[in-house]
Amino acid sequence: MFSAILFMLGLGATCGVMLSVASKVFYVYEDPRVAEVEGLTAGANCGGCGYAGCSAAAVAVVAGDAPPSVCVIAGPETTSGIAAVMGVDPGIAESLLSYNTCTGGHRAPVKFHYMGINSCQALATLYGGQRECPVGCLGLGDCVRACNFDAIEIGPDGYPVVDEIKCVGCRACEKVCPKYIMEIKTMSQKLLHLNQFVDRIAPCQQTCPAEINIPKYITQIKMGDYDGAVNTIRERNPLLLACGRVCPHPCEDKCRRGVEEEPVSINQLKRFAADHEMESGRRLPISCAPSTDKKIAVIGGGPAGLSCAFFLRRLGHGVTIFDAMPKLGGMIRYGIPEYRLPKEVLAWEIQGILDLGVEQKLNVMLGRDFDIGSLIASGFDAGFLGIGAWKDYNLGVEGENLAGCYTGINFLSHFAVWQQEKSGDPRPFVGKKCVVIGGGNTAIDCVRTLVRLGADEVTIVYRRTRKEMPANMVEIEAAEHEGIQFTFLAAPTRVLGDDDGNVVGLEYLKMELGEPDASGRRRPVPIEGSETIIEIDMLITAIGQGPDVFFKDESKRLDEDLNITRWNTIDCEDPVALQSSIPYIFTGGDAATGADLVVSAIGAGRRAARSIHYYLKGEEITPPEKTLFTDNIPGTIFESVQGLKQSARTKMPELPVDERIKSFVEADLVISEDEAKFESNRCLNCCLTCYDMDPD
Amino acid sequence: MGYFEIIISTIFVNNILLAQFLGNCPFLGTSKKMETAVGMSMAVIFVLVLAGIITWILYAFILASAGLVYLRTIAFILVIASLVQFVEMFLKKSIPALYAGLGIFLPLITTNCAVMGACVLNIDQELTFMQALVASFGYAVGFGIALILFAGVRERIMLARVPQPLRDTSIGLVTAGIISLTFFAFKGMV
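Protein chains in written order, with this note's numbering: chain A, 1 to 696; chain B, 697 to 886.
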């Protein structure tokens, strides 16, 4: 008995001594911060962060492998607590959210009878995941079962729906999805995403210069979720009221329904959703990432600048817009006439952007009141040059500087300033017999403005034919309805004046169409001896415009490093990265491309905001290799589309002609809710290659 | 008994999991994923060989000679537990790579009855030191083979349509029973 007790004591003592010695000898220093950090985490060992338990996560945080925001359960207090322990900036503690990238549709019936276990992974493993479509959701709900927080359920269409309030972004659903449908991103990551060749996106979204998720917002309109539609559009386009009115909708040209019949009226749906928000009398909240301490100067408050400012602000940066005009809006305020885009509407939209905390400095001009050097000296970290294309091209013929001769943008902006400022100055001169030279939207805006100002006879002189006119077809038609005369195949050769230097006539040569040129349009060839003179008292030249880069000559600092192309646009090597030859100056919109669409400028504003964001974070600006830009994914543009029934596109409501030409009241009207419902049901909800056929 | 017979006997005929039914807890607990099963197997081989040697020495030179054979169980528990703790500390300091690999499985073995059982069996069968060493290794390899086999089967079962009441552990136990039956075919070989 005694020996047994002695033995056990001895054995215990030996083991104890050995372990004590071992503890001393084999002691591994562990950072005390690990224990501290572990104490701050939720302690649930849920593994949602991707580490094996809270202690492993704490080790990773201390080793610098994980950010302070590692814990997916705990809130911002924990993040700032951990950041305090680690002595670092909490960083952008934006929450990750899961979302479903497949909107599905009713397109594909179950292709075969699957009797296996109710699991997407099993289905994908056993049958290559071919239940419905090769890229889309299988809908068996592995993500629902994987979610520890009860945040996902299978919606009424059989596709997962994420409850954003419950989701903590733990990535559990992303890991189990065999088709890579579930994506976990922060809002910033979503705003920064550029269309990729590997994305599952419909032709319309591929084509939209602003990359709006068109099928998604149309589906939301179909479901009656107008607020959701507005939010979807705002992820890519902050100027939806303006775009919904003036966009020439290149997306509709690629609409799959348009292959067989009339395309979906995408832009009217956008306008419907946008107007619905404005008329509801409240502004939908727009979320912004936590503030950073970076300041960016946006030079030019046009669509590109507003878009860039909007996205930079949403990414958490401080933004100040500098504009030379008395109000923000740029070309969409001073170039687009009131009857196409009421300025009250535009002001409402711009106010929404300013309400995010964007500052504005008006009536200051780059090169006159400040330069890039002075901006950097006053503490801005980067700049965006969105100065637009405000300089009209000259005709280059004799007499074009006579009294009564104007240029397009100059005329429109002077009139717009007079109209909007109501300063009491006399109205700008308007003739009785007016001629506008040019075939673009500026020319059409000029003639439709002149008609409303009481000109008796307004003629467009264009050197090619109606078919070659670059203006939007709806605009040309509207101008025809309003009584504008068109003189096609006419090249001005001389402007005639009287003795007082007033314009009295325009001489032009008749043309005929020859061989197609580089742009594919048939080149006009003059007919010898066909000179014709028309009698006029006002001439507007609207044959195109380019950026006005006079500031480069005015400035003595830095600005001379800015490279300008021979078209006077700001040189940027990569049309997606939009970085100028001064690394912290970015550009976009008309200033970078020459006169182009509003929606292109909006897209460029977001791309520039993305580049600036990465530049300020010291990350790679160059877009990913598979970025989709002015291109379509191969195989997604169809020659023919089966299974469609003819259904006429919703007509745009317009004011009657005799009513609208008397005033500047908005001529195009918004479609009704029923029409929106009908039109949204015409959408085929396309993906890469699939689409919903019309129901029988 | 020759070494070859010992190896065949410990790995197949008297497989510690499927014939002796020891260590059922890790058998069901760590067999859901192949990765885990492999990690656990490696940790068991490592610890069981060490434990087999130490407990044999402890028994032969102290317990048997002092006439304290009845303290075997309690002494072995203490020694194995201390040993695992010691090994864990040693690995953490000296071979961090191996520590990271075996990681969480080492503490699990502290209370693994397969290890304890193998050590006791060595003594009961009155094996010599070398035989005990080989037998411990054999038991550990047998443990590993059974666990990995079982994990492979369970990974397939995950993808199969199992009636709701039989899901997970239930079907696991049924499968374990059937695999065990197949191992009974080795009976009588040695």
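Just so you know, even glycine gets a beta-carbon here, dropped at the ideal spot from N, CA and C. Fair warning: this is a prediction, and the values are worked out from it, not measured in the lab.
Just the C-alpha distance for residue i and residue j, rounded to the nearest angstrom, thanks.
i, j, result
"serine 680/A", "alanine 648/A", "12 Å"
"lysine 254/A", "proline 203/A", "6 Å"
"phenylalanine 380/A", "lysine 295/A", "5 Å"
"alanine 58/A", "tyrosine 795/B", "18 Å"
"lysine 422/A", "methionine 278/A", "25 Å"
"phenylalanine 664/A", "serine 672/A", "22 Å"
"valine 72/A", "alanine 42/A", "9 Å"
"isoleucine 92/A", "histidine 613/A", "Annotation note: pLDDT 47 at isoleucine 92/A (below 50); position unreliable, coordinate value reported separately. The straight-line gap from Cα to Cα measures roughly 12 Å."
"threonine 459/A", "valine 436/A", "6 Å"
"cysteine 572/A", "alanine 304/A", "15 Å"
"glutamate 784/B", "histidine 193/A", "47 Å"
"threonine 219/A", "glycine 439/A", "37 Å"
"leucine 312/A", "leucine 19/A", "59 Å"
"alanine 828/B", "aspartate 142/A", "49 Å"
"alanine 273/A", "glutamine 646/A", "25 Å"
"asparagine 711/B", "leucine 787/B", "28 Å"
"isoleucine 387/A", "arginine 271/A", "26 Å"
"glutamate 36/A", "isoleucine 181/A", "37 Å"
"valine 849/B", "isoleucine 702/B", "27 Å"
"valine 246/A", "alanine 609/A", "23 Å"
"isoleucine 704/B", "isoleucine 853/B", "29 Å"
"valine 70/A", "glutamine 189/A", "17 Å"
"threonine 630/A", "arginine 606/A", "15 Å"
"isoleucine 82/A", "proline 68/A", "6 Å"
"serine 374/A", "threonine 636/A", "49 Å"
"leucine 11/A", "serine 98/A", "56 Å"
Using three-state DSSP, classify residue i as helix, strand or coil.
i, result
"proline 290/A", "coil"
"arginine 466/A", "helix"
"proline 792/B", "helix"
"arginine 768/B", "helix"
"threonine 871/B", "helix"
"methionine 182/A", "strand"
"cysteine 815/B", "helix"
"phenylalanine 429/A", "coil"
"proline 160/A", "strand"
"leucine 688/A", "coil"
"glutamine 121/A", "helix"
"alanine 389/A", "coil"
"isoleucine 536/A", "coil"
"threonine 806/B", "coil"
"threonine 101/A", "coil"
"cysteine 553/A", "Correcting the residue type first, residue 553/A is aspartate in the shown sequence and not cysteine. Helix."
"cysteine 143/A", "helix"
"threonine 459/A", "strand"
"glutamate 477/A", "helix"
"glycine 10/A", "helix"
"leucine 862/B", "helix"
Using a Cβ-based criterion (distance less than 8 Å to any ligand heavy atom), does residue i qualify as near the ligand PLP?
i, result
"tryptophan 752/B", "By its list of ligands, the structure shown contains no ligand whatsoever, and the ligand PLP lies outside what it can speak to."
On the premise that residue j lies in contact with residue i, defined as a C-beta separation below 8 Å, what is that separation, rounded to the nearest angstrom?
i, j, result
"proline 547/A", "alanine 591/A", "5 Å"
"proline 624/A", "alanine 577/A", "Contact doesn't hold; Cβ gap of about 11 Å is too wide."
"isoleucine 582/A", "isoleucine 372/A", "7 Å"
"arginine 523/A", "glutamate 515/A", "6 Å"
"valine 811/B", "leucine 713/B", "Going by Cβ atoms, the distance from valine 811/B to leucine 713/B rounds to 12 Å, so no, they are not a contact pair."
"aspartate 323/A", "glycine 301/A", "4 Å"
Bridge partners for residue i per DSSP, in chain order?
i, result
"methionine 885/B", "In the DSSP output, where bridge partners are listed per residue, methionine 885/B has none listed."
"arginine 522/A", "Pro516/A"
"glutamate 639/A", "Note: glutamate 639/A sits in no beta bridge, so no partner."
"arginine 494/A", "Glu398/A and Glu507/A"
"glutamine 360/A", "Ile321/A"
"asparagine 502/A", "Ala403/A"
"alanine 382/A", "Ile296/A"
"glutamate 654/A", "Asp668/A"
"glycine 546/A", "Lys391/A"
"valine 436/A", "Ile460/A and Ile540/A"
- At which residue ranges does the stretch 28 to 73 of chain A contain complete alpha helix (DSSP H) runs of 4 or more residues, listed in the order of the chain? 32 to 40 and 53 to 62
- Message: My parser needs the alpha helix (DSSP H) runs of 4 or more residues fully inside the stretch 165 to 252 of chain A; what are they?
- Response: Runs of the alpha helix (DSSP H) inside the stretch 165 to 252 of chain A: 172 to 176, 187 to 192, 203 to 207, 214 to 222, 226 to 234 and 240 to 246.
- Message: Threshold first: 4 residues or longer. Then list the alpha helix (DSSP H) segments lying entirely within the stretch 262 to 306 of chain A, N to C.
- Response: 266 to 279
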